[in-house]
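In what follows, a single structure is set out as structure tokens and then discussed.
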Amino acid sequence: MEYVTLNNGVKMPVLGYGVFQVPDLSECERCVLDAIDVGYRSIDTAQSYMNEAAVGNAIAKCGVARGELFITTKMWISNYGYEKAKKAIDNSLSKLQTDYVDLFLLHQPFSDVYGAYRALEEAYKAGKIRAIGVSNFYPDRLADIASFSEIKPQVNQIETHVFQQQKFAREVLLRYGVQAEAWAPFAEGKNDFFTNSVLGEIGAKYGKTVGQAALRFLIQSGVVVIPKSVRKERMAENFDVFDFTLSEGDMREIEKLDKGDSLFFRHDTPEAVEMFVGLIKERGSCS
Ligand SMILES: NC(=O)c1ccc[n+]([C@@H]2O[C@H](COP(=O)([O-])OP(=O)(O)OC[C@H]3O[C@@H](n4cnc5c(N)ncnc54)[C@H](OP(=O)(O)O)[C@@H]3O)[C@@H](O)[C@H]2O)c1
Numbered sequence: 630m631e632y633v634t635l636n637n638g639v640k641m642p643v644l645g646y647g648v649f650q651v652p653d654l655s656e657c658e659r660c661v662l663d664a665i666d667v668g669y670r671s672i673d674t675a676q677s678y679m680n681e682a683a684v685g686n687a688i689a690k691c692g693v694a695r696g697e698l699f700i701t702t703k704m705w706i707s708n709y710g711y712e713k714a715k716k717a718i719d720n721s722l723s724k725l726q727t728d729y730v731d732l733f734l735l736h737q738p739f740s741d742v743y744g745a746y747r748a749l750e751e752a753y754k755a756g757k758i759r760a761i762g763v764s765n766f767y768p769d770r771l772a773d774i775a776s777f778s779e780i781k782p783q784v785n786q787i788e789t790h791v792f793q794q795q796k797f798a799r800e801v802l803l804r805y806g807v808q809a810e811a812w813a814p815f816a817e818g819k820n821d822f823f824t825n826s827v828l829g830e831i832g833a834k835y836g837k838t839v840g841q842a843a844l845r846f847l848i849q850s851g852v853v854v855i856p857k858s859v860r861k862e863r864m865a866e867n868f869d870v871f872d873f874t875l876s877e878g879d880m881r882e883i884e885k886l887d888k889g890d891s892l893f894f895r896h897d898t899p900e901a902v903e904m905f906v907g908l909i910k911e912r913g914s915c916s
């Protein structure tokens, strides 16, 4: 495994395993146990995925020392605000069956972000969280929180894949010393991702698949990746990206696939806020 060192000295694996859209708790527990068996040590969950308890069961059962694991969770918007966020942090720790999480992110840049962030800072100082950060913060929001918070975020988890390479956002993250982490590193298969001919031809030169070429591209670009699969053979394929290096020329070819915009939705529009208001009504507090 390769690691990045966050701005507070904490080491984070460059490759982890994400459990978005695995709502069935026994299935999620099986997936995390399979992922750990394959070799993953970093697991990415969130309050809104409604599967922290399954990740907690897997952590308890996996037989790997807690200190070797890197557990990330994210606070859902309905838990924002200082008082609610404090409770939500303890609730996540309890579901995850752990005294601390390695990385706690604010999931979205809406509602009382600053109150929630102060609760993260406090829990960080109390040793309940080893690193704090944000997710889906566009460059202006990121610069704002990095400038006006006491503890600068360590990570920003944003949509990043070959079709949305986030070149400007990553420049801003570098400027503020914040680590970029990719969600949907395969674009969830959108835009015929897994049959892309450029990735296919480049991957074949190294005896690798489309997905492996794409993950290697992001890792070599300095981005942490957390691909998701419920299938153990794909988990193993996605993990097997540390025995080759893409040439400069191949990196430049993959850079040309960038479309420079989201394949999902932007997080800086009134429609995005309205969609999240709807989701909050649908999902409740996620705690
Ligand atoms: N912060 C945020 O707002 C946010 C948003 C989205 C995601 N995330 C995080 O990022 C993680 C990854 O993103 P994601 O789950 O949205 O999408 P993703 O990792 O880009 O893609 C997952 C999809 O690719 C398929 N797949 C995986 N490996 C494959 C392979 N080797 N060959 C062919 N198909 C493959 C999976 O199918 P199978 O499962 O059937 O194999 C699944 O349909 C999430 O799990 C979550 O932890 C965060």
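Our numbering puts the first residue of the sequence shown at 630, with every later residue one more than the last. Where is the CB? At the ideal position from N, CA and C, for every residue including glycine.
Are residue i and residue j touching if we call contact CB-CB under 8 Å?
i, j, result
"Arg695", "Ile706", "no"
"Phe868", "Gly668", "yes"
"Asn686", "Glu658", "yes"
"Phe846", "Ala816", "no"
"Gly762", "Pro782", "yes"
"Val807", "Leu749", "no"
"Arg670", "Met704", "no"
"Phe823", "Val839", "yes"
"Glu788", "Ala813", "yes"
"Asn825", "Leu892", "no"
"Arg759", "Leu722", "no"
"Lys724", "Ala682", "yes"
"Ala843", "His790", "yes"
"Ser764", "Leu735", "yes"
"Tyr835", "Phe873", "yes"
"Gln794", "Glu911", "no"
"Gln841", "Glu866", "yes"
"Arg747", "Tyr711", "yes"
If you drop the 5 nearest sequence neighbours on each side, which residues of the same chain put their C-beta closer than 7 Å to that of residue i?
i, result
"Phe766", "Pro738, Ile774 and Asn785"
"Leu662", "Ala687, Lys690 and Cys691"
"Asn680", "Val648, Val651, Pro652, Leu654, Cys657 and Thr674"
"Gln676", "Thr702, Lys703, Met704, Trp705, Asn708, Ala717, Ser721, Cys915 and Ser916"
"Ile909", "Ile706 and Ser707"
"Phe921", "Since the first and last residues shown for the chain are 630 and 916, residue 921 lies out of range."
"Asp897", "Tyr767"
Assuming residue i and residue j make a contact with CB atoms under 8 Å, what is their CB distance in whole Å?
i, j, result
"Leu875", "Gln849", "6 Å"
"Ile831", "Glu882", "6 Å"
"Gly645", "Ile672", "6 Å"
If I measure Cβ to Cβ from residue i and keep anything under 6 Å in the same chain, skipping five residues before and after, which residues do I get?
i, result
"Glu810", "Val784, Gln786 and Val853"
"Ser740", "Ile706 and Tyr709"
"Arg799", "Ala809"
"Ile855", "Gly645, Gly647 and Asp673"
"Lys754", "none"
"Val639", "Arg759 and Ala760"
"Lys888", "Phe792"
Using a Cβ-Cβ cut-off of 8 Å, state whether residue i counts as contacting chain B.
i, result
"Tyr753", "Chain labels in this structure do not include chain B; a single protein chain is all it has."
Going along the chain, which residues of its own chain have a beta-carbon closer than 8 Å to the beta-carbon of residue i, five neighbours each way excluded?
i, result
"Val859", "Val651, Glu656 and Cys660"
"Met880", "Phe846, Gln849 and Ser850"
"Val902", "Phe739"
Look up residue i in the DSSP assignment and give the residues it is bridged to.
i, result
"Lys703", "Leu734"
"Met583", "Since the first residue of the chain shown is 630 and the last is 916, residue 583 is not available in this structure."
"His790", "Gln793"
"Ile761", "Phe733"
"Ser671", "Phe699"
"Gly647", "Asp673"
"Asn785", "Val763 and Ala809"
"Val853", "Glu810"
Indicate, with yes or no, if ligand 3 has a heavy atom lying under 7 Å from the CB of residue i.
i, result
"Trp705", "Ligand 3 is not among the ligands present in this structure, which contains only ligand 1."
Checklist entry - What are the complete alpha helix (DSSP H) segments, minimum 4 residues, inside the segment 796 to 838? => result 796 to 805 and 826 to 834
Item to check | Any alpha helix (DSSP H) of 4 or more consecutive residues that is wholly inside the segment 868 to 916 | outcome: Taking only runs of at least 4 residues, the alpha helix (DSSP H) segments lying wholly in the segment 868 to 916 are 877 to 884 and 899 to 912.
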